[in-house]
Amino acid sequence: MSDKKFATIEDLRLSQNFRENTGVKKHLTTIPVRKPGKQDFVRIHPNPDYRIDTAVIELKEEREVYLLAPDLLHELPSEWKAKSLITYINRQGVLALWPIGLPNSEGRANTWNDSARDAALLAQDSWVRVSANMSLGAYDTFSALGDIPEPEWPEISFEKILEIAFKGKFIDSLDHAVVRDLLGGA
983 MSDKKFATIE
993 DLRLSQNFRE
1003 NTGVKKHLTT
1013 IPVRKPGKQD
1023 FVRIHPNPDY
1033 RIDTAVIELK
1043 EEREVYLLAP
1053 DLLHELPSEW
1063 KAKSLITYIN
1073 RQGVLALWPI
1083 GLPNSEGRAN
1093 TWNDSARDAA
1103 LLAQDSWVRV
1113 SANMSLGAYD
1123 TFSALGDIPE
1133 PEWPEISFEK
1143 ILEIAFKGKF
1153 IDSLDHAVVR
1163 DLLGGA
């Protein structure tokens, strides 16, 4: 063991970009599909190509969301919901998809989805936090007042984000286990 001493405490201090010099690369293997946590400040990906209006099946008790192939919509009319899947990132760098409900077939929306969509719009340009307000029947949106740096978006395509987020959760057949369970099959 060396008896060498450091000259100053500054010799021990890490630089701001210390992770860049460690020789590792983080791989995205999990991308959650969920609304932001009530204490998370988030930003929405600024590129409109990083969102999609699509059909999903939500299993509430399991807290799971499945992507549904469009050709199955007519086969499962009461099982799916129309959602916008919007790419967001929180301050900890966790990338996720925010499912926000679209108006129903009659064009009726609800205040929860409208307020979530308004919050997402604000989150394109500033860090926001969303919290359910049961008395209001909508989400409250709060903007961060501090000077928070712009998010560092991973270099990944939206197609790859969907692939990772819905790995094992894409329904493209009526023979899928989730569909069989929903229809009471074995």
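Its first residue numbered 983, the sequence shown is counted upward by one per residue in this note's numbering.
All residues carry an ideal CB built from backbone N, CA and C; glycine is no exception.
Small disclaimer: the values here were computed from a predicted structure and weren't measured.
- The alpha-carbon separation between Gly1119 and Arg1090 amounts to approximately 16 angstroms.
- As a beta-bridge residue in DSSP terms, Glu1046 pairs with Leu1041.
- Just so you know, the alpha carbons of Asp1163 and Asp1157 end up roughly 10 angstroms apart.
- A straight-line Cα-Cα distance of about 26 angstroms links Ala1078 and Asp1053.
- Here Trp1094 carries a helix assignment [DSSP, helix/strand/coil].
- Put simply, the backbone Cα of Phe1148 is about 25 angstroms away from that of Arg1111.
- By the criterion of a C-beta distance shorter than 6 angstroms, Lys1151 is surrounded in its chain by Tyr1048, once the five residues flanking it on both sides are discounted.
- Going by DSSP, Val1110 is part of the beta strand (DSSP E) stretching over 1110-1115.
- Taking 8 angstroms as the cut-off, the beta carbon of Lys1065 is found no closer than this to the beta carbon of Thr1093.
- With contacts defined as CB atoms closer than 8 angstroms, Leu1050 and Ile1153 qualify as a contacting pair.
- In its chain, beyond the 5 residues on either side, no residue has a beta carbon closer than 6 angstroms to the beta carbon of Glu1132.
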